[in-house]
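Colleague:
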Amino acid sequence: IGAVDEERESLGARYVAGQYHPAYAIVGEPNRWERIALGYKGAAWARVTLRRAQAHTASGIQTASEAAVQLWQAVQAYAAAYNAGKPRAFDQLLPTLRGMDSGEDGLEQWARLRIGMRLPVEVPPQDWYAALAQLAAGADVEPLGQAVPAWSCEKNSTLVRAFLSAVRGQGGAPSFVYKTGTADLNIVAPAWDCPALVYGPGDSALDHTPEERIELAEYGKAVDVLAAALRELVKRD
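Add 465 to the 1-based position in the sequence shown for my numbering, that's all there is to it.
#1: Using only the alpha-carbon positions, how far apart do V613 and E472 sit?
#2: Is the CB-CB distance between P585 and L558 below 8 angstroms?
#3: Could you tell me how far apart the beta carbons of A654 and L698 are, in whole angstroms, since I believe they sit closer than 8 angstroms?
#4: Pull up the DSSP beta-bridge partners for G581, would you.
#5: Assign A670 to one of three DSSP states: helix, strand, or coil.
#6: Please state whether DSSP places V613 in a helix, a strand or coil.
#7: In its own chain, which residues sit with a C-beta less than 6 angstroms from the C-beta of D759, not counting the 5 before and 5 after it?
#8: Out of P666, A508, A598, which one is the CA nearest neighbour of I501?
#9: Using a Cβ distance threshold of 8 angstroms, determine whether the segment 537–548 contacts the segment 479–488, with at least three qualifying pairs required.
#10: Hey, W657 and A490: beta-carbon distance below 8 angstroms or not?
#11: For the 8 angstroms Cβ check, are there 3 or more pairs between the segment 501–516 and the segment 685–693?
#12: Whose C-beta lies closer than 7 angstroms to the C-beta of W593 among residues of the same chain, with five residues either side of it excluded?
#13: Assuming P639 and E499 make a contact with CB atoms under 8 angstroms, what is their CB distance in whole Å?
#14: Relative to the alpha-carbon of K620, which residue among D605, Q635, F641 has its alpha-carbon at the smallest distance?
#15: I need the boundaries of the beta strand (DSSP E) containing V625, first residue and last residue.
#16: For G483, which three-state DSSP category applies?
#17: Tell me, please, which residues DSSP counts as bridged to S640.
#18: Taking only the alpha-carbon atoms, compute the straight-line gap between G571 and L609 and give it to the nearest angstrom.
#19: So L681 is in the beta strand (DSSP E); what residue range does that whole segment cover?
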């Protein structure tokens, strides 16, 4: 399946999630030919608008922009507290400030933040939105786009074992990876409720950049791995 819009709202994956019921799901993403990805973080985005009455600059009253900076610092502190004792980025809350602007009309001033949060499996998007609403009490919190829950695949499955064997068969040393981004896996795996993983050649650090490219030798290796894994799955079924 060539699903479109993976880099945005995953519209293709959201459509096919209700159209098929496969025995296995193999999602293609660049992760190097020897590596098997078993998890992708979730993500949620929001626009937060803070408003304050217009006041003289010498009044000492907190401005909307100052309140926005204070909120961003509170979000960072919240994430840091959650992340304490969690060394893996996959298990952490990872906030990003995606944008900010401010203005006034003579009577009121406002400041807006666009906040993104990469989510671990244990924090569904609705829980993060609830926490953000508490942190931003009195402000307007508007979710943006379609939030994506994190997903972690079963490691000891027939599908994973077939890929481990296939990588070794090509002379590779297979390894697992858990990614801090999101993928169509997050959409289709919960819907299909079947063994799933993510596999593909290429460097994920170059994904969605002008430098994105693939080495033909690695591509050939990945093709052989995929073919061997599929043959093994057919034989087992």
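Idealized CB from N, CA, C, for every residue including glycine. Note that the structure is predicted; figures quoted are calculated from it, not measured.
Modeller: Let me spell this out:
#1: 13 angstroms
#2: yes
#3: Their Cβ separation, rounded to whole angstroms, is 17 angstroms, which puts A654 and L698 out of contact at 8 angstroms.
#4: Per DSSP, W510, T561.
#5: helix
#6: In this structure, DSSP gives V613 an extended state, which the three-state scheme calls strand.
#7: Lying outside 466 to 702, the shown extent of the chain, residue 759 is not represented and no answer is given.
#8: P666
#9: no
#10: Result yes, Cβ atoms of W657 and A490 sit closer than 8 angstroms.
#11: Contact between the segment 501–516 and the segment 685–693 is absent, with fewer than three C-beta pairs closer than 8 angstroms.
#12: For W593, where only same-chain residues beyond five positions count, the Cβ hits under 7 angstroms are A509, M582, L584.
#13: 6 angstroms
#14: F641
#15: Where V625 is concerned, there is no enclosing beta strand (DSSP E), although the alpha helix (DSSP H) it sits in stretches over 623–634.
#16: coil
#17: R500
#18: Distance between the alpha carbons of G571 and L609: 29 angstroms.
#19: Element bounds for L681: not the beta strand (DSSP E) but the alpha helix (DSSP H), 681–701.
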